Amino acid sequence: MKTLKTNQGIRSESARLRNAGKRIGLVPTMGAIHQGHLSLVRRARRECECVVASVFVNPAQFGPGEDYRTYPRNMRRDAALLRQEGVDLLFTPSVPSMYPSGYSTFVEETALSRNLCGWHRPGHFRGVCTIVSKLFQLVGPERAYFGKKDYQQALIIRRMCRDLNFPVRIVLVPIVREPDGLALSSRNRFLSPRQRNQAVCLHRALELALRQIRRGERNAQKVIKGMEKLIREYSLARPEYICVCSAHTLEPLTVIRGRILVALAVRIGKTRLIDNKEYHVRKK
Ligand code: AMP
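Written out as structure tokens, the structure reads:
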């Protein structure tokens with residue numbers, strides 16, 4: 004695995020691989036690598052001759068008062084894990100190289116970004132779209148791999164590629180979970196043991212929602228109320244949003260039908276966790 008820190012370096016190494024006829028799969032991450040990230044790498048490995056991973060904690064996607072400063076960083080460990088998984092190029096740019104002084108250009112998706120996390124984290128997806136566009140420009144991947152853990156993000160990036168004609172296929176990869184159902188996340192390491200026990204409430208609430216829907220419940224508000232009640236039984240958990248929406252448009256539903264996404268964000272102490280599940284309500 005070659006590690007590159009400069010734009011010029013990653014651009015020329017990626018071009019060399021592309022010119023040798025290799026299909027590049029890109030896995031963008033913010034580091035603190037876990038099995039969720041590694042599942043993206045494995046999928047990319049299977050589908051592409053070359054895998055490029057990036058580790059960059061992107062300041063543009065953090066709002067004021069969010070955890071940019073304290074976000075876990077451990078480049079040595081990350082590099083070792085990515086190397087073991089067979090990554091060919093690791094790109095680890097600096098903040099000034101991505102956002103030089105006077106930087107003033109951003110990419111914004113304006114429909115899918117309005118709901119869910121977009122509503123609660125203004126500017127977040129603008130930061131995500133901007134950095135992902137920059138990575139696509141530098142690496143020129145044929146495919147890019149995103150986790151369904153950040154379902155909204157993956158859909159927004161897919162839309163961005165379509166709208167701005169990026170020739171990149173966006174591959175969505177299933178959520179990797181702990182045995183008790185908690186979705187793996189770099190932020191889980193902020194949780195105290197007690198908080199970690201209670202963090203299972205996100206998955207439990209999603210399971211409850213799916214049980215109700217499978218039994219025939221079609222009233223989104225009733226499903227949301229049930230989830231909220233379950234979460235409130237966990238003393239350290241505060242729901243930020245709970246939503247039943249279309250899995251295509253992310254617009255909230257009143258009547259549950261078609262391909263749906265049940266998504267939520269919950270604060271456990273200072274840590275904000277998100278999770279979701281897709282479900283297809285088939286016509287009888
Ligand atoms: P992050 O480093 O949190 O920005 O995540 C980088 C990529 O890994 C994103 O596409 C995430 O959706 C994906 N990812 C994070 N956690 C998981 C998980 N538990 N399962 C699958 N993919 C994940």
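So the sequence shown is residues 4 to 287, counted in my numbering. Just so it is clear, CB atoms sit at the ideal spot from N, CA and C, and this is done for glycine as well. Note that this is a predicted model, so its numbers are computed, not measured.
Buried versus exposed call for residue i [16 or more other C-beta atoms within 10 Å across all chains shown]
i: ILE112; result: With the sequence shown as reference, residue 112 is identified as Glu, and Ile is not the correct amino acid for it. So GLU112 counts as buried.
i: ALA212; result: buried
i: PRO144; result: buried
i: PRO96; result: buried
i: TYR154; result: buried
i: VAL171; result: buried
i: ALA23; result: exposed
i: SER189; result: buried
i: HIS1; result: The structure shown has nothing for residue 1, since the chain only spans 4 to 287.
i: TYR148; result: buried
i: THR108; result: exposed
i: PRO242; result: buried
i: TYR237; result: buried
i: SER57; result: buried
i: ARG192; result: exposed
i: ALA186; result: buried
i: LYS137; result: buried
i: VAL98; result: exposed
i: GLU88; result: buried
Three-state class that DSSP yields for residue i in the structure shown
i: PHE193; result: helix
i: PRO177; result: coil
i: PHE65; result: coil
i: CYS53; result: strand
i: THR1; result: The question about residue 1 has no answer here: the residues shown for the chain are numbered 4 through 287.
i: LYS5; result: strand
i: ALA208; result: helix
i: PHE109; result: coil
i: LEU253; result: coil
i: ALA72; result: Per the sequence shown, residue 72 should be read as Arg rather than Ala. If DSSP states are grouped into helix, strand and coil, ARG72 belongs with coil.
i: ALA47; result: helix
i: ALA114; result: coil
i: ALA18; result: helix
For residue i, the first and last residue of its enclosing beta strand (DSSP E)
i: HIS283; result: 274-284
i: SER238; result: No beta strand (DSSP E) holds SER238; DSSP gives it neither H nor E.
i: ILE159; result: Element bounds for ILE159: not the beta strand (DSSP E) but the alpha helix (DSSP H), 154-167.
i: LEU264; result: 261-271
Supposed close pair residue i, residue j - CB separation, criterion 8 Å
i: ILE245; j: LEU256; result: So it is not a contact: roughly 13 Å between Cβ atoms.
i: ILE216; j: VAL284; result: 7 Å
i: LEU239; j: GLY272; result: 6 Å
i: GLY150; j: LEU43; result: 6 Å
i: VAL247; j: VAL269; result: Wrong, their Cβ atoms sit about 16 Å apart, outside the cutoff.
i: GLY28; j: ARG146; result: 5 Å
i: ALA35; j: PRO75; result: 4 Å
i: ILE159; j: SER116; result: 6 Å
i: ASN61; j: GLY130; result: 6 Å
In DSSP terms, what residue i is bridged to
i: ARG146; result: GLY28, ARG172
i: ILE245; result: LEU267
i: ASN222; result: VAL258
i: VAL58; result: THR32
i: PHE128; result: BP columns for PHE128 are empty, so no partner.
i: LEU93; result: THR6, ALA56
i: ALA186; result: ARG180
Unbroken alpha helix (DSSP H) run spanning residue i, endpoints
i: ALA83; result: 78-87
i: SER100; result: 98-101
i: HIS123; result: 119-123
Ligand 3 heavy atom lying under 7 Å from the CB of residue i
i: SER42; result: Inclusion of ligand 3 in the displayed structure is not the case, the ligand content consisting of ligand 1 alone.
Closer than 8 Å to chain C by CB, residue i
i: ILE216; result: The chain labelled as chain C is not found in the depicted structure, where only one protein chain is given.
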